[in-house]
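Participant: Sharing a structure here in structure tokens format.
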Amino acid sequence: FRVLHLWREVSLPGLQSVVSATLTLSIEDSPPHDIDLMLYPILGNFEPGAGGIDGNNNSTPAFGEVWWIDREFGRAAWSLPGASHARGVWHEFPSEADTAAMPLAAAEYRFGDTQIEFSSSELARYVEHQVVRGAPLQFLIKASDHHENMRNHRLTIWSADEGDDRVTARRPKLSVVWKPIDSAVIWERPIWLEHGREYITPFIDLSHRYAVALLGTEAAATISMRTIKDDQLTQWLPYSSGSVIQAEQVQFRILNAVHPVVFGEVFSSGFTDTWVPLGTPDSRVVRWTFESPTGVVHERRGTHLGSYRWAVEFQPDEPGRWRYRWRTNFTTEGYRSEVGIFDVEVRDREGLDHLYRLLEEDLGDGASVGEHDRLMDRFMHLQRSAMSLRAEEKLTNDAWRETADKLDQLRKKLESDQG
């Protein structure tokens, strides 16, 4: 019936005005009923801790952790269990209350919904107020009092641990739209890229003042930046929306790729799951399935690292877009993750030569009709990768001529095998 949220280190660069704020939650399980939901600010502080004395989110709270009875276990209790004492307004912080009397926002769950959203001007004002103070955002999410009093009105939402390190679509999401106060647009341009292509902006003059670039992009975009300060050019570094840049000039590189992996390197990911009722963590099995761009399926078994953490490493043998998912046997019902994707990119001559050798080895073994089609797809990836490296001037004239000759030989071999 009730969930606590703590959002730390929410910051906006400089002096900003929050235009809107939206909290999105994904549904894991629900009854066949409509439910009204409320979002309240928690007054004062609480500490989620690390999952109790056993670190599994099911054991007795450790000292100072929050739970149903206590704001801080062994130190301070809620005024009423479940943070139920509501009074006053959130910006006055009445010390005797757990939450404000009025919610920040409300949402309606209708049977069959997969997500719910909280959004309001009051929520935006709360976010701005907390950020200016350098304080965390603290929420109580609950069913309405009316529905809390009714049986079979419990809604289960996915937590911040859902998914793995790369697939996070089901996790809670807080979207904040803000605008700078007294600012000017220095450079603006819409970016539209095909999959696998990149765009590098010109250097943008910051006139010795810090600046923030907010790039509205699709989820597939990977953005990096480099700067010039005191005549020194930095390396390309990851960029995240809201970064404060203190330099004389800045340049951005936008790549239309999801979780890009350089061909020849290892893809890695992992997840944490403390709900393991059927046995010890070491006895549980996690199976990862990877599907290549040409449809080849690879199975890997995850490794338990301790502390309810499982991980996997996998070296892709094809460039392009891969799909993956994983499944567990922690419970009787089991669990299947959402499908994740990552893009494997050939970024240098070494990767190109490695891809060529793999394809040449496969051709040497002979191929059936179906296998031949898959090898032709891999050849097309190789050819496009070579052209991309040439366009980016990562292949010299001599290297390009050598690569073109190899491609011609492979093409003839493929055509011969097909005949």
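If you're matching positions, the sequence shown starts at 217 in our numbering and goes up one per residue. Note that beta-carbon positions come from the ideal geometry of N, C-alpha and C, so glycine has one too.
Beta-carbon within less than 8 Å of residue 440's beta-carbon, same chain only, minus the 5 sequence neighbours each way: which residues are those?
Facilitator: Excluding sequence neighbours, residue 440 sits near 452, 453, 454, 455, 468, 469 and 471.
Participant: With distances taken from CA atoms, which of 413, 220 and 620 is nearest residue 565?
Facilitator: Ranking 413, 220 and 620 by Cα distance to residue 565 puts 620 first.
Participant: Please go through the region 229-284 and give each complete beta strand (DSSP E) segment of 3 or more residues, from N-terminal end onward.
Facilitator: Complete beta strand (DSSP E) runs here, min 3: 232-245 and 251-257.
Participant: So what's residue 318 in DSSP terms, helix, strand or just coil?
Facilitator: Three-state result, residue 318: coil.
Participant: Measure the C-alpha to C-alpha separation of residue 350 and residue 418 and round it to an integer number of angstroms.
Facilitator: Between residue 350 and residue 418, the C-alpha separation is close to 35 Å.
Participant: Put residue 348 into one of helix, strand or coil per three-state DSSP.
Facilitator: Correct three-state label for residue 348: helix.
Participant: Whole-angstrom Cβ separation of residue 382 and residue 558, contact assumed at under 8 Å?
Facilitator: That belief holds up - the Cβ atoms of residue 382 and residue 558 are roughly 7 Å apart, short of 8 Å.
Participant: Tell me whether residue 644 sits in a helix, a strand or coil according to DSSP, three-state version.
Facilitator: It is not possible to answer for residue 644, since the shown part of the chain is limited to 217 through 635.
Participant: Find the nearest neighbour of residue 259 within the set 265, 353, 498 and 391, judged by alpha-carbon distance.
Facilitator: The candidate whose alpha carbon is nearest that of residue 259 is 353.
Participant: Could you please give the first and the last residue of the uninterrupted alpha helix (DSSP H) stretch that includes residue 575?
Facilitator: 565-580 is the extent of the alpha helix (DSSP H) around residue 575.
Participant: Return helix, strand or coil for residue 396, following the three-state DSSP convention.
Facilitator: Here residue 396 sits in strand by DSSP.
Participant: Whose CA, out of 486, 511 and 509, lies closest to the CA of residue 502?
Facilitator: The candidate whose alpha carbon is nearest that of residue 502 is 486.
Participant: Which first and last residues belong to the beta strand (DSSP E) in which residue 515 is found?
Facilitator: Unbroken beta strand (DSSP E) run through residue 515: 513-517.
Participant: Cutting at 6 Å between CB atoms, please list the residues of its own chain near residue 616, excluding the five before and the five after it.
Facilitator: Excluding residues within five positions, the ones whose Cβ falls inside 6 Å are 606.
Participant: Are there three or more Cβ pairs, one per stretch, closer than 8 Å when the region 387-397 is compared with the region 243-252?
Facilitator: With the cut-off at 8 Å, the region 387-397 and the region 243-252 do not touch.
Participant: Under a Cβ-count criterion, where at least 16 other Cβ atoms within 10 Å of its own Cβ denotes burial, should residue 625 be classed as buried or exposed?
Facilitator: That one is exposed.
Participant: Suppose you measure from the CA of residue 331 to the CA of residue 520; what does that come to, to the nearest Å?
Facilitator: Cα to Cα, residue 331 sits roughly 31 Å from residue 520.
Participant: How about residue 358 and residue 240: are their beta carbons less than 7 Å apart?
Facilitator: No, they are not a contact pair.
Participant: What would DSSP say about residue 454, mapped onto helix, strand or coil?
Facilitator: Residue 454: strand per DSSP, three-state reduction.
Participant: In the DSSP assignment, the alpha helix (DSSP H) including residue 361 goes from what residue to what residue?
Facilitator: Run containing residue 361: 361-364, per the alpha helix (DSSP H) assignment.
Participant: Around the C-beta of residue 254, are 16 or more other C-beta atoms found within 10 angstroms, so that it is buried, or is it exposed?
Facilitator: Per the 10 Å Cβ criterion, buried.
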